[in-house]
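Chemist: Sequence lines, in order, name chains A and B.
Counting from 6, one number per residue, gives the positions in the first sequence under this note's numbering.
Counting from 6, one number per residue, gives the positions in the second sequence under this note's numbering.
Right, I'll just put the structure down here and ask away after.
There are 2 protein chains.
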Amino acid sequence: MSAEPVTRCAVRAGAYYDSVVLMQLQRALATLPGVLDAGVVMATPANRDLLEASGLLPGSEIAAGPNDLLIAVKAESEAAAGEALARIDSLLQVRRAETGQDFRPRSLASALKQLPEARWVLVSVPGRYAASVADEALDLGRNVFLYSDNVPLSEEVALKRKARERGLLVLGPDCGTAIIGGTGFGFSNRVQPGEYGIISASGTGLQEVVCFLQGKNQGISQAIGIGGRDLSAEVGGITALQALDLLRRDPKTEAIVLISKPPASEVAQRLISFAHATGKPTVVYFLGAPPVGRLQEVWFTRSLDSAADDVIELRYGKRSDWEDWPIHFPAGQRWVRGLFSGGTLALEVLRTLPALVSPVFSNLSYPGVHPLPDSAHSQGHTILDLGADEYTVGRLHPMIDFDLRLRRLKQEAADPEVALLLLDVVLGDGAHADPAGELAPAIERAKADAKAAGRILDVAVVVVGTDLDPQDAKRQIATLKQSGAWVCRTVAHLVSYTVQRLGEIRGDEIPPLEGRPVPLAAVSPPVAAINVGLESFYDSLISQGARAVHVDWKPPAGGNEKMAGILARMKRSR
Amino acid sequence: MSAEPVTRCAVRAGAYYDSVVLMQLQRALATLPGVLDAGVVMATPANRDLLEASGLLPGSEIAAGPNDLLIAVKAESEAAAGEALARIDSLLQVRRAETGQDFRPRSLASALKQLPEARWVLVSVPGRYAASVADEALDLGRNVFLYSDNVPLSEEVALKRKARERGLLVLGPDCGTAIIGGTGFGFSNRVQPGEYGIISASGTGLQEVVCFLQGKNQGISQAIGIGGRDLSAEVGGITALQALDLLRRDPKTEAIVLISKPPASEVAQRLISFAHATGKPTVVYFLGAPPVGRLQEVWFTRSLDSAADDVIELRYGKRSDWEDWPIHFPAGQRWVRGLFSGGTLALEVLRTLPALVSPVFSNLSYPGVHPLPDSAHSQGHTILDLGADEYTVGRLHPMIDFDLRLRRLKQEAADPEVALLLLDVVLGDGAHADPAGELAPAIERAKADAKAAGRILDVAVVVVGTDLDPQDAKRQIATLKQSGAWVCRTVAHLVSYTVQRLGEIRGDEIPPLEGRPVPLAAVSPPVAAINVGLESFYDSLISQGARAVHVDWKPPAGGNEKMAGILARMKRSR
Numbered sequence: 006m007s008a009e010p011v012t013r014c015a016v017r018a019g020a021y022y023d024s025v026v027l028m029q030l031q032r033a034l035a036t037l038p039g040v041l042d043a044g045v046v047m048a049t050p051a052n053r054d055l056l057e058a059s060g061l062l063p064g065s066e067i068a069a070g071p072n073d074l075l076i077a078v079k080a081e082s083e084a085a086a087g088e089a090l091a092r093i094d095s096l097l098q099v100r101r102a103e104t105g106q107d108f109r110p111r112s113l114a115s116a117l118k119q120l121p122e123a124r125w126v127l128v129s130v131p132g133r134y135a136a137s138v139a140d141e142a143l144d145l146g147r148n149v150f151l152y153s154d155n156v157p158l159s160e161e162v163a164l165k166r167k168a169r170e171r172g173l174l175v176l177g178p179d180c181g182t183a184i185i186g187g188t189g190f191g192f193s194n195r196v197q198p199g200e201y202g203i204i205s206a207s208g209t210g211l212q213e214v215v216c217f218l219q220g221k222n223q224g225i226s227q228a229i230g231i232g233g234r235d236l237s238a239e240v241g242g243i244t245a246l247q248a249l250d251l252l253r254r255d256p257k258t259e260a261i262v263l264i265s266k267p268p269a270s271e272v273a274q275r276l277i278s279f280a281h282a283t284g285k286p287t288v289v290y291f292l293g294a295p296p297v298g299r300l301q302e303v304w305f306t307r308s309l310d311s312a313a314d315d316v317i318e319l320r321y322g323k324r325s326d327w328e329d330w331p332i333h334f335p336a337g338q339r340w341v342r343g344l345f346s347g348g349t350l351a352l353e354v355l356r357t358l359p360a361l362v363s364p365v366f367s368n369l370s371y372p373g374v375h376p377l378p379d380s381a382h383s384q385g386h387t388i389l390d391l392g393a394d395e396y397t398v399g400r401l402h403p404m405i406d407f408d409l410r411l412r413r414l415k416q417e418a419a420d421p422e423v424a425l426l427l428l429d430v431v432l433g434d435g436a437h438a439d440p441a442g443e444l445a446p447a448i449e450r451a452k453a454d455a456k457a458a459g460r461i462l463d464v465a466v467v468v469v470g471t472d473l474d475p476q477d478a479k480r481q482i483a484t485l486k487q488s489g490a491w492v493c494r495t496v497a498h499l500v501s502y503t504v505q506r507l508g509e510i511r512g513d514e515i516p517p518l519e520g521r522p523v524p525l526a527a528v529s530p531p532v533a534a535i536n537v538g539l540e541s542f543y544d545s546l547i548s549q550g551a552r553a554v555h556v557d558w559k560p561p562a563g564g565n566e567k568m569a570g571i572l573a574r575m576k577r578s579r
Numbered sequence: 006m007s008a009e010p011v012t013r014c015a016v017r018a019g020a021y022y023d024s025v026v027l028m029q030l031q032r033a034l035a036t037l038p039g040v041l042d043a044g045v046v047m048a049t050p051a052n053r054d055l056l057e058a059s060g061l062l063p064g065s066e067i068a069a070g071p072n073d074l075l076i077a078v079k080a081e082s083e084a085a086a087g088e089a090l091a092r093i094d095s096l097l098q099v100r101r102a103e104t105g106q107d108f109r110p111r112s113l114a115s116a117l118k119q120l121p122e123a124r125w126v127l128v129s130v131p132g133r134y135a136a137s138v139a140d141e142a143l144d145l146g147r148n149v150f151l152y153s154d155n156v157p158l159s160e161e162v163a164l165k166r167k168a169r170e171r172g173l174l175v176l177g178p179d180c181g182t183a184i185i186g187g188t189g190f191g192f193s194n195r196v197q198p199g200e201y202g203i204i205s206a207s208g209t210g211l212q213e214v215v216c217f218l219q220g221k222n223q224g225i226s227q228a229i230g231i232g233g234r235d236l237s238a239e240v241g242g243i244t245a246l247q248a249l250d251l252l253r254r255d256p257k258t259e260a261i262v263l264i265s266k267p268p269a270s271e272v273a274q275r276l277i278s279f280a281h282a283t284g285k286p287t288v289v290y291f292l293g294a295p296p297v298g299r300l301q302e303v304w305f306t307r308s309l310d311s312a313a314d315d316v317i318e319l320r321y322g323k324r325s326d327w328e329d330w331p332i333h334f335p336a337g338q339r340w341v342r343g344l345f346s347g348g349t350l351a352l353e354v355l356r357t358l359p360a361l362v363s364p365v366f367s368n369l370s371y372p373g374v375h376p377l378p379d380s381a382h383s384q385g386h387t388i389l390d391l392g393a394d395e396y397t398v399g400r401l402h403p404m405i406d407f408d409l410r411l412r413r414l415k416q417e418a419a420d421p422e423v424a425l426l427l428l429d430v431v432l433g434d435g436a437h438a439d440p441a442g443e444l445a446p447a448i449e450r451a452k453a454d455a456k457a458a459g460r461i462l463d464v465a466v467v468v469v470g471t472d473l474d475p476q477d478a479k480r481q482i483a484t485l486k487q488s489g490a491w492v493c494r495t496v497a498h499l500v501s502y503t504v505q506r507l508g509e510i511r512g513d514e515i516p517p518l519e520g521r522p523v524p525l526a527a528v529s530p531p532v533a534a535i536n537v538g539l540e541s542f543y544d545s546l547i548s549q550g551a552r553a554v555h556v557d558w559k560p561p562a563g564g565n566e567k568m569a570g571i572l573a574r575m576k577r578s579r
């Protein structure tokens, strides 16, 4: 028997099969006598490439489209391959018989008759059918855990808007994990009940944080996956905002972790306002984005691991590295204006602002920052590098010549909407012989003028210099402090200060949550759910002690798209 | 005297004036009787806007171009304004007389006759003249500290290439600071001599780190500013590479800090190879970029402050949180391949790679990462999210169905260029009942096959799960370890491991430094320098005890561009 292996395949056109069925068919084929390998896939281009890479595609052309089932067998002989292929249908039958059990409803509606207290429907059918199943669940007044991927963005937006109007949640699409009322949905880790609520647009990100907390013997109140696109500009964070509002009201939740890819800027700001509004310590991790410090009770962290560490420390109040003297700025004062002579110092401030506030303008370019149209006039939050080329033509650098900065300081201070002025003082050889001597009187006057006008002008200065510098850093700092400025010696400190003050600036009122609030009962144990799609998700609900019913779901018209369209239209016209 | 203030101005067309002269003229005018405010600027559009913002521009049109001097005066009366303007020329004369001293050479060449041991020329003349002065300095065999901004990129490239050929340095353009052989150039802080060498494309970034080190009682060997554009793709890091090579040879330098905006990817990799080659502990901060861990002796840090802290710890060898069992991969094995079921886990790995190695491919999109053209075949470094939509059509998620992953693992392991395989195992409800049971035998076989072929296949696995999960995380980890895999429980740990191994993969040999090495004498004390431009930079050289000569520089043809062009052509044709 030293013959070459033969590769043969078969096609089942346009039929729907559960992924578990396909996996089991592949395994069964591979164990048949004389069979070396087998592949069972929907014949998408990617899947065909994968079969080919495994040496499972014969040379000849195979007529099969993305909705057709392609079964490939590599065997020791023509006879063994033929025998294997001949058994496909009986193997599919066997599988069906095995899954037989008491009674399985064939529709969501009948499943809900069987388990009316089910508040959740888990949907893991193929993407092209998923939105319609989820929509049906919403119409039946149920929350949706939408595991399915390949769901168009427009359908996600439509589902989430509908859910918001009805006080329901749609977690997903492409939501891999959640822990609701102590019960895990989809892929979820076993944890003890506790006080930490998680909201995450990243499935494995959520799992990593949950596992980390459990590893530190901390429990979870709710872990709410929202799907990777929830914080996009299109979806606008609908589910994230509902979830924050829910955790705000949830008495079991004492601290919150929020995880997402860096969201659209306007979505991020809305989210952070809502996080504030929870009044609960919240740690935010925007995946891959640098941390930006603290905004009142909202902390930004720098990794998945540190998110867990930080929220524990934050909850226990161990984190209080900031002096506690909040400023209550009068309404109307709201802008930060930075007048820097060091470009890098300006940039370090600039890269924290766009995630927190808007609009931000500058003469430096940075993502999320608008170019300042008129360099002589600030608007909104403005951070200026006065040492940039356009300011230094025929003029000394602002580390030497303070004329431009003093004029600008006066101008910004006179703007009644300005709350916080940021300045830098760079000491050393080559620089001005006494920067504080120039700046301190101007700061003092500006603060006094603001006070006389019923405002509070806060001024923060970072001094970069050594105690050996000719200007004497300590004396410079003392002079600046006497003028009423807050003074620090690293830009990191200045950034923290700025973020803290931004939290105190009275912004626009937080807009009320649109739609109806999700009732707490939606996430309270005991959990009961209907499962549509992957049977293993039903199994894991049961193994966790939740009540569940599995729907023996088949696609409309057996997966025939044309027929399904006709059926859907008939249904609508009823 | 309750009359309205009057604003008047004067123009001096096409003349060159030193910025210090202009600042002093402005101050002198402002102190004249009856004068309320004064402004003296080159009449660029930006400067005109600034005058206008200060209420110093009269309503009428003023005919003045960017190369003309514009003098504006706001006074209590017409008479006071007129008198002030009438004094402009005499004030300019007074200033000139005041600066008179023993003897001032009028050219670089004659200055060098006066101070032939000067190895440096500080250039701070206006941008349009700066490249030509720097070029002259290079022709005279001197290193250049090029403070001037507004120098075109093409001229920077030409200067730096010329310098490299001659074993000279060009720091800048737009280089604000340097400490060479203990003497500060431009804006520089006073520090004690020490063992830390700094290379920085950011002026105030360099100053902040230097001040931080001094604040911790640590000294500086050399602090080499390189200009903000040195690490751009166009310049290619010419000066940074020269500086690294110089600090490598400098016996006083024991540890290095390298600061820059995130550079072009190919430049970053070259730089990091050279940093390796120094054999000295090096801390890298790419401004605003997240840290990516450690690559042998090169550490990436997350802020200016932490750069200083890290380099101190690194130098004293306190940082050794990594087990010391390096793998010596045979030549030819060089790629990392990641086969992930968790998208976020894949992404966390992906966001560290492009700064370190290339090419990197993936089915996820990330800056600096190429889309993988054929999803069935990896190339270069490839990180795959096997749970992405394109892999899950009609197929179970790879957390449940390991078929695809096992096939791919075999395929990657058979590639003789693969050194390191990365895998994740996500436990919990819904996931595979025994992932380690599927993966461990495959890992063992792959490692054995590689060994039989004279290769080393390293496999690293991150396990995400809790000890309460049905699969029992501890048992899973034990099984995986038995297969010879390295196992960790957080993706941060997996990333550190990967970065460490990348440092051990024998890459292409580090290309030799182009051009001639810069002799150590260039940066050794005692420092002597010629100053062309801002007189205050000369003053600070002298006040630091360095020998210096100031050139009484005037632009060619008194600033007349046309005439300057004719002169330059005449010079060339000699």
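A virtual CB, placed ideally from N, CA and C, is assigned to each residue, including glycine.
So which of A/Gly132, A/Gly233, A/Ser205 and A/Glu271 has the shortest CA-CA distance to isoleucine 261 of chain A?
Modeler: Selected option, being the one with the closest Cα: A/Ser205.
Chemist: Which residues, in chain order, does the region 235-252 of chain B contribute to contact with chain A at a C-beta distance below 7 Å?
Modeler: Cβ contacts with chain A: none found.
Chemist: Aspartate 474 of chain B touches chain A at which residues, Cβ-Cβ below 8 Å?
Modeler: The answer, in chain order, is Asn194 and Arg195.
Chemist: Please identify the residue among B/Val537, B/Val464 and B/Thr49 whose C-alpha is closest to the C-alpha of asparagine 72 of chain B.
Modeler: It is B/Thr49 whose Cα lies nearest to the Cα of asparagine 72 of chain B.
Chemist: If you follow the alpha helix (DSSP H) that leucine 355 of chain A is part of, which residue opens it and which one closes it?
Modeler: Leucine 355 of chain A -> alpha helix (DSSP H) spans 348-355.
Chemist: For isoleucine 203 of chain B, count the other beta carbons within 10 Å of its own beta carbon; 16 or more makes it buried, fewer makes it exposed. Which is it?
Modeler: It is buried - the Cβ of isoleucine 203 of chain B has at least 16 other Cβ atoms within 10 Å.
Chemist: Determine, using beta carbons only, whether tyrosine 201 of chain B comes closer than 8 Å to chain A.
Modeler: It does not; no Cβ of chain A falls within 8 Å.
Chemist: Whose C-beta lies closer than 6 Å to the C-beta of valine 464 of chain B among residues of the same chain, with five residues either side of it excluded?
Modeler: Closer than 6 Å at the Cβ level, and outside the excluded window around valine 464 of chain B, lie Leu426, Ile448 and Ala490.
Chemist: Name the chain A residues whose beta carbon is nearer than 8 Å to that of alanine 436 of chain B?
Modeler: Simply Phe192.
Chemist: Can you tell which of A/Leu428, A/Gly233 and A/Gln197 has the C-alpha that lies nearest to the C-alpha of cysteine 216 of chain A?
Modeler: Nearest option by C-alpha distance: A/Gln197.
Chemist: For serine 325 of chain B and leucine 350 of chain B, I'd like the C-alpha separation in whole angstroms.
Modeler: In this predicted model, serine 325 of chain B has a pLDDT of only 44, less than 50, meaning its place in the structure is not dependable enough to derive any value.
Chemist: Using beta-carbon positions only, say whether glutamine 549 of chain B and threonine 471 of chain A come within less than 8 Å of one another.
Modeler: Cβ distance not < 8 Å, so glutamine 549 of chain B and threonine 471 of chain A don't count as in contact.
Chemist: Out of A/Val374, A/Gly348 and A/Glu259, which one is the CA nearest neighbour of threonine 397 of chain A?
Modeler: The option with the nearest alpha carbon to threonine 397 of chain A is A/Gly348.
Chemist: Identify whether leucine 61 of chain B lies in helix, strand or coil by the three-state DSSP scheme.
Modeler: Residue state, collapsed to three classes: coil.
Chemist: Taking 8 Å as the threshold (beta carbon to beta carbon), is phenylalanine 291 of chain B in contact with chain A?
Modeler: Chain A contact via Cβ: absent.
Chemist: Using CA atoms only, rank isn't needed, just tell me which of B/His281, B/Leu292 and B/Asp315 is closest to valine 303 of chain B.
Modeler: Selected option, being the one with the closest Cα: B/His281.
Chemist: Got a sec? Which residues, its chain only, sit under 8 Å from serine 237 of chain B by beta carbon, not counting five neighbours each side?
Modeler: Counting only Cβ-Cβ distances below 8 Å, and skipping sequence neighbours, we find Leu158, Pro268, Ala269 and Val272.
Chemist: On a Cα-Cα basis, can you pick out the residue from A/Pro446, A/Gly520 and A/Val532 that is closest to glycine 122 of chain A?
Modeler: Note that residue 122 of chain A is glutamate in the sequence shown here, rather than glycine. Of the listed residues, the one whose Cα sits closest to glutamate 122 of chain A is A/Val532.
Chemist: Label isoleucine 225 of chain A either buried or exposed according to how many other C-beta atoms from any shown protein chain fall within 10 Å of its C-beta, with 16 as the threshold for buried.
Modeler: Classification for isoleucine 225 of chain A: buried.
Chemist: Per DSSP, which one or two residues make a beta bridge with tyrosine 201 of chain B?
Modeler: According to DSSP, tyrosine 201 of chain B bridges with B/Ile225 and B/Ala260.
Chemist: Consult DSSP for asparagine 72 of chain A and reduce its assignment to one of helix, strand or coil.
Modeler: In the structure shown, asparagine 72 of chain A sits in coil (DSSP, three-state: anything other than H, G, I, E or B).
Chemist: Note the first and the last residue of the continuous beta strand (DSSP E) segment covering alanine 183 of chain A.
Modeler: Taken as a continuous stretch (DSSP letters only), the beta strand (DSSP E) holding alanine 183 of chain A covers 182-185.
Chemist: Which chain A residues sit within Cβ distance under 9 Å of tyrosine 396 of chain B?
Modeler: Ordered by position in chain A, the residues that pass the 9 Å Cβ test against tyrosine 396 of chain B are Ala51, Asn52 and Leu55.
Chemist: Going along chain A in order, which residues have a C-beta closer than 9 Å to the C-beta of asparagine 536 of chain B?
Modeler: The premise fails here: asparagine 536 of chain B is roughly 11 Å from chain A at the closest Cβ pair, so nothing lies under 9 Å.
Chemist: Reducing DSSP to helix, strand and coil, say where valine 149 of chain A ends up.
Modeler: Correct three-state label for valine 149 of chain A: strand.
Chemist: At the level of alpha carbons, what is the spacing between leucine 61 of chain B and leucine 90 of chain B?
Modeler: Roughly 13 Å between the two C-alpha positions.
Chemist: CB isoleucine 264 of chain B to CB glycine 210 of chain B, shorter than 8 Å?
Modeler: Yes, these two residues count as a Cβ contact at 8 Å.
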